[in-house]
Structure formats: C-alpha cells, structure tokens
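Novice: So that we are looking at the same thing, I have put the structure below in structure tokens.
Residue numbers (our numbering), protein chains in the order written: chain A, 19 to 319; chain B, 19 to 319.
This is the structure:
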C-alpha cells in the first residue's frame with residue numbers, strides 16, 4: 019500500500035565533529051521518503067523555492083519517489099544550518115533557519131492521492147499538518163512526528179493533532195517535554211492518553227520503546243561506532259517504520275516489532291554519513307543484512 | 019562455586035522524590051551480596067564499626083552470607099548521605115560521607131577463603147582493592163567495579179587494577195570519564211584495551227552493553243515505572259552477574275548473556291524500594307518470573 023508523507027524539503031548546512039557540508043538535500047519529508055521508498059511507493063507533499071537545484075528533484079525522482087504534490091513556489095527554499103557538538107551528538111544546535119517558501123505554503127494532494135490510506139505527518143508546523151486532513155478520504159494509519167519548537171510554541175495545535183492520529187513518534191526529550199514525565203514508560207502512557215493508539219519513543223543510540231494498550235517492547239539500537247551526522251535520523255527511522263507498516267498492511271504485535279527493527283536499522287545507516295550519503299544508495303538487502311547483526315546483538319543465545 | 023566480595027558496608031541516609039530513610043543497611047559489598055546470594059555462597063570482606071547494629075549483621079547472616087571476613091573495628095561505621103533529584107534519578111548527589119573505620123582498614127581473607135576462585139572487587143578505594151590480591155591463590159574470575167571519585171582521584175591505582183582483573187563493570191558516565199569517549203561502543207573498546215577481557219557498561223534505565231573481543235551484545239532494562247531509590251542498583255546488578263557466573267562455572271556467550279539478564283532483572287527490583295526493602299525478601303523464582311517478562315519485552319515475536 020502506498021504512503022503519503024507531508025513535511026519539509028530543505029537545503030541543509032551541517033557541521034559535526036566529522037566535518038562540515040553545505041547545500042545538502044535535507045528536510046523531514048526528504049529523509050523520511052529516502053527511507054520509506056525501500057518498502058513502498060512514497061508520495062511526497064512539500065514545497066521548495068525556485069532556487070531549489072533540479073538535481074535534487076531528479077535524484078528524488080530517480081529513487082521512485084512521487085513528486086507530483088511537491089510545489090515549486092516563488093521564493094527561497096527552506097534552509098537549516100545546524101551544528102552537533104562532540105559531547106552530545108544527539109542534540110542539534112540550530113544556528114540559522116531561513117523559512118522562505120514555508121511561510122506561505124498550504125499543502126495539497128492530487129485527486130488520485132486522496133485515497134492513499136497510509137499517511138505520515140513528518141516534522142512540520144502543526145497548523146500545516148492539520149490542513150492535510152481535509153484531503154484524506156480513507157485513512158487507515160496516520161503517523162505524526164513533531165519537535166520541541168512546536169511543543170513549546172504550538173502545543174495546542176499539536177495536542178489537537180494527537181487526537182486525530184494513530185501513531186505518534188517522539189524522541190526521548192520531546193516525550194519528556196510534552197508530558198513532564200522523566201520516566202519514559204510513564205511518558206509513553208501519558209502520550210497514549212493524549213490520543214494516539216501507538217507511541218514510539220526514539221532514544222537515539224539507546225534504541226527504541228514502543229507502547230500501546232496491548233503491548234510494550236524495546237530494542238537496543240544497532241551499535242554504530244562513529245556517528246558522522248545524525249541529521250534526519252529520526253525521519254529515516256519514521257520512514258522505515260511507516261514504510262514497512264504500509265507494505266505489511268497490518269498492525270499486529272509481530273508486524274510492529276519487525277517494523278521497529280527495520281526503522282532502527284535504517285536509521286543506523288543514516289547517521290554514518292552526511293545528509294543522505296549513506297541512505298541514498300541503500301538497498302533493502304543491505305538493511306536486512308544489518309538487521310541480522312542487530313538481532314544477534316540482543317539475542318538470548 | 020563460591021564467591022568473595024570486597025567492598026563497603028555502610029549506614030545510608032537517602033532522600034529521593036519518594037521519601038527519606040535513615041540508618042539503612044547499605045554499601046557496595048552489602049548490596050552486591052544481597053543479590054549474589056540468590057545464586058551462590060557469598061563471602062563478604064568488609065569492615066564495620068562498633069556502632070554497627072547487630073541486627074544488620076544477623077540479617078546478613080540469615081541470608082546465608084558468610085561474614086567471617088567482616089571485621090568489627092574500633093570506631094564508627096562508614097556512613098553515606100545522598101539525594102536523588104526528580105529530574106535525574108540516575109545520579110546520586112552526595113551530601114555527606116563519614117569514612118570512620120574505612121580509614122584504617124586493611125582487607126584480609128581467612129585461610130579457607132583463599133582458594134575461592136570467583137572474586138568481586140565492589141566499589142571501594144582502589145588501593146584497598148589491590149591489597150586483596152596477595153591472598154588469592156587460584157583466581158578464575160576477578161570482577162571490578164569503581165566510581166567517579168576514584169577515576170578522578172586514584173586513576174593510577176585503578177588503571178593498575180584493571181590490568182589484573184578479567185571483568186570490569188562501569189556505568190555509562192564512568193565509562194565516558196575513564197576513556198574520554200562519548201560513544202559507548204568506542205568507550206567499551208578503550209576499556210578493553212586497558213586490560214579486562216570483559217567489559218560491562220550499565221546504562222541505568224537504558225539497559226546494558228557487554229563487550230569482549232569475541233562478542234558484543236546489549237539488552238534493554240526491565241521497564242520500571244516508579245524508581246523509589248536507585249542506591250545500590252549497580253552493586254545489585256554486579257551481584258546478579260557475578261553470582262550467576264560463579265554458579266555456572268563457565269564464560270561462554272550463552273552463559274554471559276544469561277548472567278546479564280539476571281543482573282539487569284535483579285537490579286530492577288532494587289530500585290523499587292528503599293535500600294534493600296525489595297531485594298532482602300527476593301527469591302530466585304521471583305527473579306525468573308520477571309526475567310520472562312523482560313525477555314518478552316525485547317523478543318522479536
């Protein structure tokens with residue numbers, strides 16, 4: 019089953035202890051799609067400016083990503099500049115953002131995309147995320163991601179959204195900020211009470227926690243020795259999760275556990291290169307090879 | 019096979035968001051022994067003062083712990099007073115320590131204990147830990163724990179010790195402090211290079227990482243919703259680990275994984291009550307019941 023993702027497409031300028039890269043293809047929708055395309059057809063809903071390099075669009079298209087709902091607007095593409103410090107590679111320090119065309123964007127879906135039943139609202143302004151609902155005819159699985167910026171400045175819209183989605187993805191810091199709970203199990207329960215049936219808490223190099231009324235489980239992350247650039251790891255994770263769930267077409271315990279294994283494995287590739295350096299060339303076979311190593315990593319025997 | 023533990027026996031005064039308790043039996047050797055006794059005979063090597071309540075000694079004896087190398091010296095028992103804040107239940111803030119009889123203590127072993135081949139050097143002054151070696155006739159497995167205080171003030175002695183032991187246990191903060199590596203996989207490799215064949219990094223509620231030249235694995239922790247008092251969790255963990263390894267009498271991959279599962283499970287009980295409130299009454303059967311739940315928590319299906 020196909021999958022729609024709404025989110026940002028950006029030009030990223032990132033500095034990490036491994037170096038610095040400018041004008042990289044980035045953004046929540048782009049990282050998500052680069053991961054989800056390994057599992058299913060992905061339809062991207064986003065906006066870029068006239069300055070957006072056509073090589074990036076061609077590249078996304080070459081990966082099989084449907085760009086018919088990617089709008090090219092008058093103005094500048096969204097740009098993000100950030101840095102990760104040696105002592106905390108999990109936390110991005112935002113140095114500059116240039117919203118550009120994001121400021122006037124209203125997401126739209128093509129008629130033939132309105133029946134797609136798997137939807138992911140990647141990190142984006144919650145008010146824009148809310149706008150997508152009017153196009154959805156037969157949603158089966160709606161996933162939502164957010165970030166601290168929106169938890170702080172648009173919590174009301176975010177809380178409204180949470181009542182409308184089935185799956186909520188947050189990192190540990192976001193889960194704590196949104197619930198006021200330091201203990202992640204308690205935080206997951208609070209998030210569940212805010213609406214979504216399924217809660218996924220990403221803990222970076224510490225792995226992932228899944229919580230629903232029926233089941234709770236946790237996996238460690240694949241052991242990456244050298245994190246080059248964590249930008250987009252959360253989106254890549256969500257892409258693997260939603261991509262596999264869309265492909266599987268079911269949401270039982272076993273399917274969910276497998277989806278989270280895929281998610282954490284794909285994310286481990288993302289952090290090993292700048293931007294999409296590692297995920298752009300990734301095949302499902304490579305992901306599954308690494309997944310076998312991950313499974314042995316926490317096996318009992 | 020029997021097990022010797024050298025460490026502290028203390029009177030603890032602990033404040034946590036759940037309350038405050040005074041004059042509790044504590045210390046690294048005591049918490050370790052309370053856990054390891056579930057698996058094998060434990061011989062405690064420690065010192066207390068004349069003021070130490072005989073009820074605590076009787077209690078330890080009633081749990082089958084051999085106290086023949088626990089010295090009762092003139093002077094005061096070691097006392098520790100600490101607090102855990104709501105926003106970081108993993109980190110103890112030391113408010114006061116009263117070394118008392120620790121200041122003049124020299125550990126000794128009874129003749130019949132010198133042939134015991136499993137030894138754990140629980141958190142203690144490294145110079146005192148070093149003194150135990152002269153008594154050991156046939157060591158098979160020597161484990162070592164330490165803390166930030168010794169990493170800062172007695173790193174030379176600690177590094178010397180690390181060359182003499184087989185297994186080193188550290189929490190994530192200690193592993194980072196000792197190696198200067200933020201990435202825990204890299205930190206584990208550095209620790210391995212300092213001497214010990216087996217490295218165990220405890221990550222609190224995030225679980226555990228094991229590293230050796232042959233194998234690396236990780237388990238999540240048992241999901242505890244309410245941490246009452248984490249004092250002694252690391253010692254309880256080490257007690258489960260060394261206790262099971264002593265009982266099993268082997269160190270293959272499967273045995274190590276099982277030992278770490280026991281360790282993390284026993285530790286999860288420790289944090290659910292003040293001091294030894296939960297571990298004192300614990301049975302191996304209860305531990306194994308919870309271990310089944312933990313195994314399902316990170317199972318693939």
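The beta-carbon is built from N, C-alpha and C at its ideal position, and this holds for glycine as well.
1. Are residue 120 (chain B) and residue 200 (chain A) close, meaning C-beta to C-beta below 8 Å?
2. Nearest chain A C-beta to residue 275 (chain B) closer than 8 Å, yes or no?
3. What residue does the beta strand (DSSP E) around residue 304 (chain A) start on, and which one ends it?
4. Pair every Cβ in the segment 213 to 224 of chain A with every Cβ in the segment 179 to 193 of chain A, then say whether three or more of these pairs are closer than 8 Å.
5. For residue 104 (chain A), which residues in the same chain have their Cβ closer than 7 Å to its Cβ, ignoring the five residues on either side in sequence?
6. What does a CB cutoff of less than 6 Å around residue 196 (chain A) pick up in its chain, not counting 5 residues either side in sequence?
7. Less than 8 Å between the C-beta atoms of residue 193 (chain A) and residue 205 (chain A), yes or no?
8. Mapping DSSP to helix, strand and coil, what is residue 62 (chain B)?
9. By a C-beta neighbour count over all protein chains shown, 10 Å radius and 16 as the cutoff for buried, is residue 79 (chain B) buried or exposed?
10. Taking only beta carbons into account, state which residues of the segment 229 to 241 of chain A come closer than 7 Å to chain B, listed in chain order.
11. I'd like to know if residue 105 (chain A) contacts chain B, where contact means its C-beta is closer than 8 Å to some C-beta of that chain.
12. I need the straight-line Cα distance from residue 91 (chain B) to residue 202 (chain B), nearest angstrom please.
13. Looking at chain A, which residues of the segment 188 to 204 of chain B have a Cβ within less than 8 Å of any of its Cβ atoms?
14. Would you kindly work out how many angstroms separate the C-alpha atoms of residue 94 (chain B) and residue 65 (chain B), rounded to a whole number?
15. Would you identify the three-state DSSP class for residue 227 (chain B), choosing helix, strand or coil?
16. CB-CB under 8 Å to residue 166 (chain A), same chain, minus the five flanking residues each way: which ones, in chain order?
17. One question on the structure: do residue 278 (chain A) and residue 311 (chain A) come within less than 8 Å of each other, judged by their Cβ atoms?
18. Thinking C-alpha only, which one of A:75, A:137, A:41, A:96 is nearest residue 24 (chain A)?
19. Who pairs with residue 102 (chain B) in a beta bridge, going by DSSP?
20. Can you tell me which of the three DSSP states residue 51 (chain B) falls into?
21. Counting beta carbon pairs with one atom in the segment 122 to 139 of chain B and one in the segment 257 to 269 of chain B, are three or more of them shorter than 8 Å?
22. Do we get a CB-CB distance below 8 Å when we pair residue 243 (chain B) with the residues of chain A?
23. Going straight from the alpha carbon of residue 176 (chain B) to that of residue 145 (chain B), what length do you get?
24. Under 8 Å, do residue 261 (chain A) and residue 53 (chain A) count as touching if we go by C-beta distance?
25. Taking the C-alpha atoms as reference points, what is the distance between residue 42 (chain B) and residue 28 (chain B)?
26. List the residues of chain B that residue 224 (chain A) touches, going by C-beta distances under 8 Å, in chain order.
27. Taking 8 Å as the threshold (beta carbon to beta carbon), is residue 292 (chain A) in contact with chain B?
28. Buried or exposed for residue 236 (chain B), please, with buried defined as at least 16 other CB atoms from any protein chain shown within 10 angstroms of its CB.
29. Once DSSP output is grouped into helix, strand and coil, what is the label at residue 89 (chain A)?
30. Does any residue of chain A have a CB that is nearer than 8 Å to the CB of residue 255 (chain B)?
31. Residue 21 (chain A) and residue 305 (chain A) - do their beta-carbons sit closer together than 8 Å?
32. Give, in chain order, every unbroken run of the alpha helix (DSSP H) that is at least 4 residues long and sits entirely within the segment 121 to 164 of chain A.
33. Which of the residues in the segment 139 to 158 of chain B, read from start to end, lie with their CB under 8 Å from any CB of chain A?
34. In its own chain, which residues sit with a C-beta less than 8 Å from the C-beta of residue 149 (chain A), not counting the 5 before and 5 after it?
35. Could you spell out the range, first to last residue, of the alpha helix (DSSP H) harbouring residue 207 (chain A)?
36. Applying the 10 Å Cβ sphere with the 16-neighbour rule, what's the burial state of residue 242 (chain A)?
Specialist: Once the coordinates are examined:
1. no
2. yes
3. Unbroken run through residue 304 (chain A) is the alpha helix (DSSP H), 302 to 315; no beta strand (DSSP E).
4. yes
5. The answer, listed in chain order, is 35.
6. 169
7. yes
8. Here residue 62 (chain B) sits in strand by DSSP.
9. Exposed is the label assigned to residue 79 (chain B), since fewer than 16 other Cβ atoms lie within 10 Å of its Cβ.
10. 234, 235, 236, 237, 238, 241
11. yes
12. 41 Å
13. 200, 201, 202, 203, 204
14. 10 Å
15. strand
16. For residue 166 (chain A), where only same-chain residues beyond five positions count, the Cβ hits under 8 Å are 191, 192, 195.
17. Contact: no.
18. A:137
19. B:110
20. Helix.
21. yes
22. So, interface residue.
23. 8 Å
24. The beta carbons of residue 261 (chain A) and residue 53 (chain A) sit closer together than 8 Å.
25. 8 Å
26. 221, 224, 225
27. no
28. buried
29. strand
30. No, no contact with chain A.
31. no
32. 144 to 149
33. So nothing in the stretch comes that close.
34. 124, 125
35. 202 to 211
36. buried
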